[in-house]
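Asker: Below you will find the structure I want to go over with you.
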Amino acid sequence: MARSVKIAVVGSGYVGLVAAVCFAEIGHEVICIDNDSRKTEALSNGISIIHEEHLPELLAKHNGHKISFTTDLAAAVQASEVIFIAVGTPQSDTGHADLSYIEAVASEVARSINGYKVLVEKSTVPVYTNEWIRRTMERHGVEHDTFDVVSNPEFLREGTAISDFLHPDRIVVGSDHERAAELLDAIYAPLTKGDYYKRADALPGRFNAENLPPLLHTSTKSAEIIKHASNAFLALKISFINAVANLCEAAEADVVQVAQGMGLDERIGNRFLSPGIGYGGSCFPKDVAAFRSVAEQFGLDFGLLSEVEKINRGQQKRFFEKVRSALWTLRGKKLAVLGLSFKGDTDDIRESPAIDLIRLFLAEGCSITAYDPAAIDRTKEILPASDKLRYASDAYDAAEGADALLILTDWKEFADLDLDRMRLLLQFPILIDGRNLYKPSKVTKHGFSYFSVGRSVARPVRTPKASVQKLQTV
Ligand code: UDX
């Protein structure tokens with residue numbers, strides 16, 4: 015029978031909150047700490063502060079029993095055996111990860127420590143951070159044998175974060191001390207030994223009582239590098255296919271076919287080969303820059319990563335020019351924009367290429383009507399509505415009277431639009447799709463000119479008179 019571990023999770027952002035709720039779900043006693051009392055109060059009242067599938071149910075299930083929320087870090091440290099640090103590591107102006115929040119947590123833990131504790135790096139941090147945490151603790155007078163520092167990176171994706179946590183491709187435990195590694199093994203035992211999957215209330219997914227997720231033990235430094243290297247590699251895959259997409263456009267080939275042909279090779283794999291308007295979000299842009307700067311600190315030039323970033327930036331610019339070439343001039347044009355978040359299934363707009371593009375279009379004199387299923391409120395905080403920017407109640411409201419329809423985020427509902435209805439609402443039947451959500455032949459059948467990424471422009475099939483009449487009666 016797996017044992018219940020007393021866990022503190024510091025930080026209630028995406029990583030911290032999801033980890034905290036999932037630790038409670040697999041049977042541990044969790045205190046989640048944040049210095050923002052509005053967040054801890056909302057969470058204590060069962061309000062999920064981020065848009066994430068399954069989070070509201072799990073919060074309701076465990077709140078007040080297996081999980082509690084507080085601003086009191088010292089008390090939480092004293093009540094816990096293991097302290098997961100999941101605070102932000104924002105990008106500084108130089109591209110380095112700013113680790114001041116991590117240092118502040120380590121100092122506070124040092125001041126309140128009351129027995130052996132394991133500090134776990136859950137946030138993405140540069141290699142050697144474990145060493146700095148250890149030195150910070152010792153500088154505050156904590157004996158080196160009363161604590162250990164472990165790296166246990168999180169690989170969850172926003173939108174599928176809970177499922178990624180409970181059905182992980184792998185769990186990485188980077189530890190240089192057996193005692194700490196054993197404690198981490200105990201925390202993940204419900205998943206690695208399968209007890210969780212035997213439960214009737216387990217979240218279904220790819221693993222079950224017979225097929226269990228792997229746990230990899232590494233050194234602390236290797237685990238720190240695994241996280242950065244994994245994110246940088248995924249970003250590289252995206253930039254690679256974006257560069258191939260640009261070649262396909264020039265050579266009149268179809269990048270979707272090319273990616274399919276590449277992805278069938280098991281060594282390459284078909285995931286993260288969707289071209290678009292570039293990657294965004296809170297991880298890839300920050301982590302690629304941080305990994306490059308880690309290499310620099312060791313005197314190494316990881317020039318490949320600079321190329322990844324360059325291609326990513328260029329992708330937005332290319333899409334902007336694609337819209338210009340579809341509409342000839344941009345000043346005074348009315349654009350319907352579908353999608354604000356950095357990808358579908360999340361309300362997160364951090365580093366969203368959609369937001370950057372909206373800014374470029376507004377600067378060029380366009381007016382915009384934008385719609386997103388979840389991210390409008392967050393976007394309004396940085397881009398308030400104005401005479402040039404209106405937020406619509408749905409995709410069809412956004413399209414009314416627009417010169418073109420732009421898809422900037424891969425929300426599923428944007429792949430299922432009623433194209434006949436759209437065609438009647440738009441001033442001109444022009445669809446410019448930055449996420450390749452449609453088959454060109456499908457869109458052109460509905461009378462649209464279709465511009466996508468890495469494929470030739472598809473022009474509408476001439477609509478026979480009878481079907482035009484039918485369309486007008488819809
Ligand atoms: C990522 C990693 O996937 C995850 O393992 C890590 O823990 C955190 O960073 P996330 O930022 O939630 O997760 O999003 P992800 O689904 O990876 O997408 C990142 C960006 O890449 C998005 O802007 C997405 O639209 C873009 N993307 C992804 C592509 O452009 N093409 C693809 O094929 C895949």
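Residue numbers for the sequence shown follow the working numbering, so the first one is 15 and each next one is one higher. The C-beta atom is built at its ideal place from N, Cα and C for all residues, glycine as well.
(1) Does the structure place the region 61 to 71 close enough to the region 226 to 238 that three or more beta carbon pairs sit under 8 Å?
(2) Do you know how far the Cα of Asp279 is from the Cα of Lys394?
(3) Return yes when the C-beta of Gly290 is under 7 Å from any heavy atom of ligand 1, and no when it is not.
(4) Among the candidates Ala368, Thr150, His110 and Glu310, whose CA atom is the shortest distance from the CA of Val123?
(5) Are Phe356 and Gly290 touching if we call contact CB-CB under 8 Å?
(6) Count the other CB atoms, across all protein chains shown, that sit within 10 Å of the CB of Ala223; report buried if there are 16 or more and exposed otherwise.
(7) Here's the rule: buried if 16 or more other CB atoms are within 10 angstroms of the residue's CB, otherwise exposed. What is Phe375?
(8) What first and last residue would you give for the alpha helix (DSSP H) that runs through Ile254?
(9) What beta strand (DSSP E) runs, 3 residues minimum, are completely inside the region 282 to 353?
(10) Just tell me which of Leu354, Gly415 and Ala377 has its CA closest to the CA of Trp425.
(11) I'd like to know whether the C-beta atoms of Thr383 and Ala416 end up nearer to each other than 8 Å.
(12) Let me make sure I understand the geometry here. Which of Pro167, Phe98 and Ala249 has the alpha-carbon closest to that of Leu230?
(13) Provide the residue span of the alpha helix (DSSP H) that contains Thr143, from first to last.
(14) Whole angstroms is fine: what's the gap from Ile147's alpha carbon to Tyr115's?
(15) Could you check where the beta strand (DSSP E) with Lys131 kicks off and where it finishes?
(16) Taking 8 Å as the cut-off, decide whether the C-beta atoms of Ala38 and His76 are in contact.
(17) Find the nearest neighbour of His242 within the set Phe298, Pro474 and Tyr130, judged by alpha-carbon distance.
(18) Out of Ala304, Gly208, Ile255 and Gly277, which one is the CA nearest neighbour of Ala246?
(19) Going by the beta-carbon positions, is the gap between Val164 and Ser189 smaller than 8 Å?
(20) Quickly, what does DSSP pair Ala418 with across the bridge? List them, please.
(21) Beta-carbon within less than 8 Å of Thr174's beta-carbon, same chain only, minus the 5 sequence neighbours each way: which residues are those?
(22) Less than 8 Å between the C-beta atoms of Leu287 and Ala273, yes or no?
(23) Considering only DSSP beta bridges, list what Leu403 is partnered with.
(24) Distance check for Asp315 and Pro140, CA to CA, integer angstroms please.
(25) Assign Ser82 to one of two classes, buried (16 or more other C-beta atoms within 10 Å of its C-beta) or exposed (fewer than that).
(26) Can you tell me whether Ser296 sits near ligand 1, meaning its C-beta is under 7 Å from at least one heavy atom of the ligand?
(27) Check whether the Cβ atoms of Phe428 and Leu352 sit closer than 8 Å, and answer yes or no.
(28) Candidates Ser233, Ala111, Ile21 and His154: which alpha carbon is nearest Thr138's?
(29) Take Phe221 and list the residues in its own chain whose beta-carbon comes closer than 7 Å to its own, dropping the five residues that flank it on each side.
(30) Put Ser481 into one of helix, strand or coil per three-state DSSP.
(31) Does DSSP put Phe5 in a helix, in a strand, or in coil?
(32) Evaluate the contact criterion for the region 332 to 343 versus the region 432 to 450: three or more CB pairs, one atom per stretch, below 8 Å.
(33) Which one or two residues does DSSP pair with Phe83 in a beta bridge?
(34) What first and last residue would you give for the alpha helix (DSSP H) that runs through Gly30?
(35) Is Glu67 near ligand 1 - that is, is its Cβ less than 7 Å away from at least one heavy atom of it?
(36) What's the gap between the Cα of Asn144 and the Cα of Asp432?
Answerer: In terms of the structure at hand:
(1) no
(2) 43 Å
(3) yes
(4) Thr150
(5) no
(6) exposed
(7) buried
(8) Per the sequence presented here, residue 254 reads as Phe, with Ile not at that position. Looking at the DSSP string, the run of the alpha helix (DSSP H) that includes Phe254 is Thr234 to Ala265.
(9) 348 to 352
(10) Leu354
(11) yes
(12) Pro167
(13) Thr143 to Arg153
(14) 11 Å
(15) Lys131 to Glu135
(16) yes
(17) Phe298
(18) Ala304
(19) yes
(20) Leu349
(21) Glu67 and Asp359
(22) yes
(23) Ile382
(24) 16 Å
(25) buried
(26) yes
(27) yes
(28) Ala111
(29) His181, Tyr211 and Pro227
(30) Unreliable placement is indicated for Ser481, whose pLDDT of 49 sits below 50; no coordinate value is reported for it.
(31) Within the shown structure, residues of the chain are numbered from 15 to 488, placing residue 5 beyond reach of any answer.
(32) yes
(33) Cys46
(34) Tyr28 to Glu39
(35) no
(36) 53 Å
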